[in-house]
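Just so you know, the sequences run in chain order L and S. The opening residue of the first sequence carries number 7 in this note's numbering; numbering runs sequentially from there. The opening residue of the second sequence carries number 7 in this note's numbering; numbering runs sequentially from there. Cβ coordinates follow ideal geometry from the N, Cα and C atoms, glycine included.
2 protein chains.
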Amino acid sequence: MSDTGGTGEGPPTIAKIASVVGVSPATVSRAFGHPELLSPATVERVVSAARELGYTPNSAARALSTGRHGNIALIVPDIANPFFPPLIRAAQQAADAAGFCVFLGDCGERPAREATLADKFAAQVDGLVLASSRSPADGIHALARRRPLVLVNRDVDGVPRVLINTAGAMRDAVAHLAGLGHKKIAYVSGPASSWSSQQRRKAVRQAAEQHGTQPLVLPAGEPTYAVGEKAVVKILEGGCTAAVAFDDLVAQGIMAGLASRGVAVPGQFSVVGCDDTLGAITYPPLTTIAAPAADAGRVAVELLLRVLASSSAGERARDDRYSLDSRLVVRATTGPAPSSRSSRSSRARRAGAQ
Amino acid sequence: MSDTGGTGEGPPTIAKIASVVGVSPATVSRAFGHPELLSPATVERVVSAARELGYTPNSAARALSTGRHGNIALIVPDIANPFFPPLIRAAQQAADAAGFCVFLGDCGERPAREATLADKFAAQVDGLVLASSRSPADGIHALARRRPLVLVNRDVDGVPRVLINTAGAMRDAVAHLAGLGHKKIAYVSGPASSWSSQQRRKAVRQAAEQHGTQPLVLPAGEPTYAVGEKAVVKILEGGCTAAVAFDDLVAQGIMAGLASRGVAVPGQFSVVGCDDTLGAITYPPLTTIAAPAADAGRVAVELLLRVLASSSAGERARDDRYSLDSRLVVRATTGPAPSSRSSRSSRARRAGAQ
DNA sequence: TTGTACGCGTTATCAC
DNA sequence: GTGATAACGCGTACAA
């Protein structure tokens with residue numbers, strides 16, 4: 007016999023509960039999805055029986071029937087880059103608060119892997135968030151056509167996006183250094199295809215020119231400690247007395263490179279980071295630009311969920327573009343440009359060695 | 007008419023491809039899942055048509071039919087704790103290599119949230135990895151009964167687990183400090199319900215006793231920078247000349263607390279961290295215990311996948327228990343104990359007034 | 001307010 | 001080698 011509500015193996019289904027309570031499967035389904043259509047008494051009987059039996063909705067069956075999954079995907083270039091964990095965390099919490107589960111993907115800075123991951127995820131999510139994507143615009147548009155998509159720190163027309171605006175704070179940083187008497191400033195950049203890096207490089211150049219100088223721009227590729235450390239040679243060869251780094255990791259590498267060459271910070275050299283991912287836990291505390299990474303993650307997910315809600319309500323998506331401000335945080339790695347007098351630098355060296 | 011393969015809207019389905027190629031839906035399905043059962047020519051026709059139409063398997067339908075999802079879940083106490091990103095990254099990569107997608111959950115150190123997340127995930131994953139779980143053992147067993155489960159840094163009988171063994175390295179750290187002449191050592195612990203913290207506290211205590219001294223154990227709750235900083239008062243009051251911290255974050259907090267009180271490291275005080283999450287990017291470089299977090303993530307996922315494969319093959323799970331070794335890495339925050347000539351009493355007085 | 005019946009897209013079990 | 005056909009569990013018109 008093929009009794010659908012039979013006491014067969016496996017986890018309890020809607021049919022099972024229905025046969026136990028003595029109602030139809032449809033009624034059980036409604037008890038969860040649309041309780042207002044049922045008499046309170048029936049709802050009560052169903053839900054208590056469901057709890058009794060340890061019923062759990064089969065998400066695959068539900069997704070198959072409704073076309074909705076209750077999942078979103080988040081793809082980042084590198085989970086281990088300290089900029090992303092707070093963003094991931096906030097995104098996950100925002101999604102969780104709305105009852106969504108989050109797939110996480112790490113593409114290792116490679117656009118091709120990003121596309122592969124997105125394809126894999128697309129089949130079981132309602133939408134995606136791409137953080138700091140370095141994929142070409144047409145690839146992003148193609149993905150956006152398939153599923154609702156929100157970008158973080160990537161500016162593509164027609165795709166909803168959340169941008170952390172560091173340009174203003176970058177200009178402040180340069181002004182801060184100029185005010186301290188620094189004439190020659192280096193900028194150690196990030197990945198060439200990164201929107202953030204392009205934005206920051208441009209801002210530094212403009213600000214430096216306003217102060218009557220040309221920055222020494224060092225292309226750096228991946229934003230890592232090692233890259234910063236290696237850049238120190240050229241920075242010093244270029245006669246710079248201060249450096250602005252693409253992010254704190256690079257800045258910290260610069261700090262290490264300077265320390266190993268006996269250059270004291272901030273006595274002989276000033277360093278500014280970006281993102282404030284390490285500033286509070288390094289010594290000396292890093293002057294940096296505080297970027298609201300967690301806010302960006304949260305806002306991106308909230309935006310995506312809004313897009314999902316409105317698209318299922320038939321509305322047409324607008325060209326959303328959120329901009330989050332950052333600000334310069336002056337700590338202890340910036341100071342007056344070294345003068346020709348020697349007393350200052352020796353005092354600073356002692357501080358730097360602490 | 008109700009032509010299943012009609013040119014209706016929506017993404018292409020197996021039925022659609024079948025009608026285009028002129029074969030049955032079953033054949034199309036087999037072309038992907040069991041090509042060896044088909045004539046090469048048929049396979050070729052099907053797959054090319056599928057590519058042509060941009061066919062993507064509907065994962066919900068597949069999961070409903072097979073009972074397998076191709077997903078796993080990873081739950082951690084705090085994504086932003088630098089110990090976890092490398093673990094998450096390695097886990098994601100290992101899963102990806104096997105064609106699995108990863109759900110990520112952050113329970114914010116709260117066992118209740120861990121259980122809630124696990125429930126939500128359980129419906130759409132084939133198995134789960136719980137990292138540093140602080141849930142009671144019976145809760146973990148209950149979850150393990152529902153889905154294949156692998157633990158990281160949590161030792162529960164009968165549940166497959168991957169443990170990072172820091173006990174040996176902790177003893178080495180204490181021996182290292184004792185060898186440098188330190189008589190009184192503080193241990194700033196982590197979350198009380200954390201297996202790692204219990205293991206480390208015990209190891210420090212045993213090793214200290216072997217060297218003829220009792221460590222000052224300071225309970226610290228959540229492993230954060232702030233906690234380490236706050237612990238400094240009691241550390242100095244206790245007359246310690248060295249501290250071992252539950253992790254690098256706490257150690258870095260201790261460093262900051264010492265610096266703000268004018269205590270020089272390693273001149274007047276020695277600090278040892280654990281996990282090696284920050285060691286290479288701080289200044290001075292932190293003496294710490296290198297823990298293979300990434301290995302743990304990778305091994306945990308590989309173990310889970312093996313469990314999944316063998317359970318679908320009908321085999322019974324064994325009581326797997328992997329132990330990964332760590333080792334002491336001496337950098338620049340440990341040095342000889344200050345000689346008794348130096349003003350130990352004045353330093354203690356200053357700390358007490360603080 | 002509740003029950004009936006069908007479809008979602010795929011895989012697996014039979015036949016042929 | 002290939003084709004029908006029946007599940008898989010749920011949501012939802014439509015009917016009552």
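Item: Among S:ALA306, S:THR339, S:LEU44, S:ALA296, whose alpha-carbon lies nearest the alpha-carbon of GLN99 (chain S)?; Value: S:ALA306
Item: Could you tell me which chain S residues have their CB closer than 8 Å to the CB of TYR231 (chain L), listed as they occur along the chain?; Value: ALA286, ILE287
Item: Does DSSP classify PHE109 (chain S) as helix, strand or coil?; Value: strand
Item: Between which residues of its own chain and CYS107 (chain S) is the CB-CB distance below 6 Å, once the five residues before and five after are set aside?; Value: ASN77
Item: Sorted by chain position, which residues of the same chain lie with C-beta nearer than 7 Å to ALA112 (chain L)'s C-beta, five sequence neighbours on each side aside?; Value: The amino acid at residue 112 (chain L) is misidentified as Ala; the sequence shows Asp. Result list for ASP112 (chain L): VAL82, ASP84, ILE85, in chain order.
Item: Report the three-state DSSP secondary structure of LEU334 (chain S) (helix, strand or coil).; Value: strand
Item: Quick one: Cα of HIS382 (chain L) to Cα of THR247 (chain L), how far?; Value: Chain L is shown from 7 up to 360; residue 382 (chain L) falls before or after that span and cannot be answered.
Item: What does TYR328 (chain L) pair with, by DSSP beta-bridge criteria?; Value: L:VAL168
Item: Just checking: is the beta-carbon of LEU110 (chain S) within a distance shorter than 8 Å of some beta-carbon in chain L?; Value: yes
Item: Taking only beta-carbon positions, decide if SER30 (chain S) is within less than 8 Å of chain L.; Value: no
Item: If we ignore side chains and look at the alpha-carbon of each, how far apart do HIS182 (chain S) and ALA209 (chain L) end up?; Value: 49 Å
Item: Taking contact to mean 3 or more Cβ pairs, one atom from each stretch, closer than 8 Å, check whether the stretch 191-199 of chain S and the stretch 234-248 of chain S are in contact.; Value: yes
Item: Verify whether the separation of the beta carbon atoms of ALA97 (chain S) and GLY263 (chain S) is less than 8 Å.; Value: no
Item: Is ALA237 (chain L) close to chain S? Criterion is C-beta to C-beta, closer than 8 Å.; Value: no
Item: Kindly indicate if chain L contains any beta-carbon less than 8 Å away from that of PRO63 (chain S).; Value: yes
Item: So, at 6 Å on beta carbons, what are the nonlocal neighbours of ALA128 (chain S) in its own chain, with the 5 sequence-adjacent residues on each side left out?; Value: ARG152, ARG153
Item: Using a C-beta to C-beta distance shorter than 8 Å, which residues of chain L count as neighbours of ARG95 (chain S)?; Value: ASP84, ILE85, ALA86, ASP112
Item: Any beta carbon of chain L sitting closer than 8 Å to that of LYS126 (chain S)?; Value: yes
Item: State the Cα-Cα distance for the pair SER345 (chain S) and VAL269 (chain S), rounded to the nearest angstrom.; Value: 14 Å
Item: Any C-beta of chain S sitting closer than 8 Å to the C-beta of CYS107 (chain L)?; Value: yes
Item: Helix or strand or just coil, what does DSSP make of ILE78 (chain S)?; Value: strand
Item: Would LEU136 (chain L) count as contacting chain S if we go by Cβ distances under 8 Å?; Value: no
Item: DSSP on ILE241 (chain S), reduced to helix/strand/coil?; Value: helix
Item: Leaving aside the five residues before and after HIS217 (chain S) along the sequence, list all residues of the same chain whose C-beta is less than 6 Å from its C-beta, in chain order.; Value: ALA184
Item: I'd like to know whether the C-beta of ILE20 (chain L) is nearer than 8 Å to at least one C-beta of chain S.; Value: no
Item: If distances are taken between C-alpha atoms only, which option among L:ALA32, L:GLN130, L:ARG119 comes closest to ALA103 (chain S)?; Value: L:ARG119
Item: In terms of residues, what are the limits of the beta strand (DSSP E) holding ILE295 (chain L)?; Value: 294-296
Item: Quick check on this structure: which residue in S:PRO298, S:GLN220, S:SER329, S:VAL168 has the alpha carbon closest to the alpha carbon of LEU310 (chain S)?; Value: S:VAL168
Item: Looking at the C-beta of GLN274 (chain S), does it have a partner C-beta in chain L at a distance below 8 Å?; Value: no
Item: Can you check whether the CB of GLY259 (chain L) is closer than 8 Å to the CB of VAL233 (chain L)?; Value: yes
Item: Given that PRO92 (chain L) touches chain S, what residues does it touch there, using C-beta distances under 7 Å?; Value: ALA86
Item: What's the gap between the Cα of ALA137 (chain L) and the Cα of GLU228 (chain L)?; Value: 15 Å
Item: For GLN212 (chain S) and TRP201 (chain S), I'd like the C-alpha separation in whole angstroms.; Value: 17 Å
Item: Work out the CA separation of VAL180 (chain S) and GLN220 (chain S) for me, nearest whole Å.; Value: 11 Å
Item: Kindly indicate if chain S contains any beta-carbon less than 8 Å away from that of LEU70 (chain L).; Value: yes
Item: Kindly indicate which three-state DSSP category ASP281 (chain S) falls into: helix, strand or coil?; Value: strand
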